[in-house]
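Contents: one structure, followed by commentary.
2 protein chains.
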Amino acid sequence: MFADLHTTTTKSQPILGFSPSETKITPSEFKYSKGTEIYGEAEPADYVYQVIDGAVRSYKLLSDGRRQIGAFHLAGDIFGLENDDVHRFTAEAIVDTTVRLVKRVSLEHVAQEDLIVAHSLLNMTTTNLQHAEDHMLLLGRKTSLERVAAFLLEMDRRLTAAGIMALPMCRRDIADYLGLTLETVSRVLSYLNDKKVLGFIGQNQRQIVLLNRGQLAELDL
Amino acid sequence: MFADLHTTTTKSQPILGFSPSETKITPSEFKYSKGTEIYGEAEPADYVYQVIDGAVRSYKLLSDGRRQIGAFHLAGDIFGLENDDVHRFTAEAIVDTTVRLVKRVSLEHVAQEDLIVAHSLLNMTTTNLQHAEDHMLLLGRKTSLERVAAFLLEMDRRLTAAGIMALPMCRRDIADYLGLTLETVSRVLSYLNDKKVLGFIGQNQRQIVLLNRGQLAELDL
DNA sequence: CGGTGGGTTGAGGTATTTCAAGGCTCGTGG
DNA sequence: CCACGAGCCTTGAAATACCTCAACCCACCG
């Protein structure tokens with residue numbers, strides 16, 4: 000799978016919030032260029048990943064091409080962690096992305112001996128579960144306006160720097176995350192722009208500044 | 000919370016697939032009558048539950064009453080397991096239901112010492128996560144027909160006895176699970192009945208026999 | 001420069017919801 | 001024992017939120 004990739008093994012660095020100095024875990028770094036698949040659904044889950052820089056989308060496909068993005072992974076996020084032997088999503092780099100990765104088996108080895116690590120695996124899985132549970136409510140019961148508002152607040156929380164949110168993903172990605180079409184997402188964003196709830200900066204429409212978080216939050220009850 | 004309930008403490012019986020004979024875990028049994036709340040969203044998670052007999056729905060509410068059911072818990076299922084201190088769903092008995100319950104702290108105590116138990120907690124959480132991930136795809140991207148088909152196959156797998164599926168939940172519950180209205184669910188079931196994909200038995204429309212699983216499965220790609 | 005990959009916007013279509021009526025079953029009380 | 005109401009389910013007709021199809025614009029890049 001990684002045969003054609005540069006294997007730039009780096010010095011040991013913390014992953015998962017614990018120092019692996021005395022363990023056998025030696026993370027490596029990889030780079031995936033925009034649009035590249037990191038792993039596919041149902042492929043063996045040999046590695047666990049952490050985003051160093053960039054952004055990743057995890058999604059499932061139906062046979063006719065309909066796509067549901069389950070999560071976006073941004074700088075710092077860990078993804079690809081499966082308790083099972085296979086990945087349940089396809090993961091793709093949204094932009095040029097650097098990841099750190101460790102062998103899953105070595106991680107499990109450590110977890111077998113270290114209760115702290117085992118606990119942190121459970122914690123990560125629970126965090127993922129919690130996100131999925133909230134997302135079920137969004138997908139099952141919220142309007143397009145509420146979905147986009149929730150998305151903006153989530154991204155605001157996760158990647159806003161200096162008041163500006165620079166979205167790495169395109170409208171189609173947002174739509175497939177929210178269970179909408181890209182046109183609907185675009186229309187809602189235009190609507191929120193008209194209402195001065197947000198503003199676009201620059202020319203590519205991916206830099207957004209939230210002008211009225213409170214108004215968005217009211218849509219998120 | 001349980002002050003008004005009969006505390007029929009029973010002899011120790013296996014929960015979570017391990018025998019607690021040498022641990023301090025002593026499960027008790029409770030009965031909840033139809034429609035009763037077992038715990039509420041954001042309440043402290045003091046107990047973990049297992050359905051002995053009956054059925055339970057776990058759901059989230061929006062402020063205006065829209066409801067999303069995240070899961071149905073049937074005989075044998077464990078629910079209410081939170082890594083956090085609070086429940087993230089409200090749980091209600093769909094029909095008269097008997098549950099076994101154990102104190103969450105005692106379970107965590109055991110997990111602290113026993114790696115097998117710790118691992119089984121992770122496994123359960125992963126199972127829940129997997130279900131939620133599949134359900135996101137259903138809620139975000141499937142048609143009403145595909146949703147009902149998936150629901151029928153899930154229930155067929157989980158509770159069919161002697162070829163007959165006796166649904167404990169009403170149309171509204173199914174609708175709130177599938178992100179539809181009860182009318183749409185009813186229409187799709189009528190449609191599948193007309194097409195001889197399923198048949199209703201008896202008079203209350205809750206006993207269903209699947210006549211053509213293959214045709215349903217084709218809708219589930 | 002021409003093409004490609006976003007993004008926006010309009011017009012029309014449709015799957016699902018909403019609103020409404022009616023039927024059936026079952027438990028309860030007169 | 002039967003009438004009655006409540007709960008649940010179905011079905012029809014109308015409304016609508018969102019999707020589909022299409023045109024157009026703009027930035028970027030070879």
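Protein chains in written order, with numbering that gives the first Met the number 0: chain G, 0 to 220; chain C, 0 to 220.
Ideal Cβ positions, reconstructed from N, Cα and C, are used throughout, including at glycine.
Keep in mind that this is a model prediction, so the values were computed, not measured.
For the segment 82-110 of chain G, the beta-carbon criterion of a distance under 8 Å to any beta-carbon of chain C is satisfied by Asn82, Asp83, Arg87, Phe88. DSSP, read as helix, strand or coil, puts G:Ala117 in helix.
Taking 7 Å as the cut-off, the beta carbon of G:Leu73 is found closer than this to the beta carbon of G:Leu158. Under DSSP, the beta-bridge partners assigned to C:Val47 are C:Val101. Between the segment 98-106 of chain C and the segment 137-148 of chain C, the count of Cβ pairs shorter than 8 Å is below three; the stretches do not touch. Counting C-beta atoms within 10 angstroms of its own C-beta, G:Gly213 has fewer than 16 neighbours from the protein chains shown and is therefore classed as exposed.
The alpha carbon of G:Asp95 has as its nearest neighbour, out of G:Gly34, G:Ile24, G:Ala41, the alpha carbon of G:Gly34.
Per the Cβ contact rule, the segment 48-58 of chain G is in contact with the segment 71-89 of chain G (3 or more Cβ pairs under 8 Å). C-alpha of G:Glu42 to C-alpha of G:Lys59: approximately 13 Å in a straight line. For G:Phe88, there is no enclosing alpha helix (DSSP H), as DSSP marks it with neither H nor E. In the three-state reduction of the DSSP assignment, C:Gly64 falls in the coil class.
Taking 7 Å as the CB threshold, G:Leu188 stays off the interface with chain C.
Approximately 5 Å separates the beta-carbon atoms of C:Thr97 and C:Lys30; this is inside 8 Å, confirming the contact. Judged by pairs of C-beta atoms under 8 Å, the segment 131-139 of chain G touches the segment 122-131 of chain C, as three or more such pairs exist.
In the structure shown, G:Asp95 falls within a coil segment according to DSSP collapsed to helix, strand and coil. Annotated as proximal: C:Val184 and C:Ala174, with beta-carbon spacing under 7 Å.
Rounded to whole angstroms, the gap between the alpha carbons of G:Thr124 and C:Asp113 is 19 Å. From the beta-carbon of G:Arg56, no residue of chain C is found nearer than 8 Å; the closest lies around 13 Å away. Neighbours of G:Ala148 in chain C, taken as residues whose beta carbon is under 7 Å from its own, are absent, since the nearest beta carbon is some 13 Å off.
The residue from C:Gly198, C:Gly39, C:Ala149 with its alpha-carbon nearest to that of C:Tyr176 is C:Ala149. Take C:Arg66, set aside five residues on each side of it, and the residues of its chain with a beta-carbon closer than 8 Å to its own are Tyr58, Lys59, Leu60, Asp175, in chain order. Here G:Met164 carries a strand assignment [DSSP, helix/strand/coil]. Residue-level contact check: C:Glu40 does not touch chain G, since none of the beta carbons of chain G fall below 7 Å from its beta carbon. Comparing alpha carbon positions, the residue from G:Asp84, G:Phe71, G:Val47, G:Thr126 closest to C:Glu81 is G:Thr126. Judged by DSSP secondary structure, G:Glu145 falls outside any beta strand (DSSP E) and instead within the alpha helix (DSSP H) spanning 143-158.
Secondary structure remark: continuous beta strand (DSSP E) runs of at least 3 residues inside the segment 165-201 of chain C, in chain order: 197-200. For the 7 Å CB-CB criterion, G:Gly139 and C:Leu138 form a contact.
G:Leu73 sits in a strand when the DSSP states are folded into three classes.
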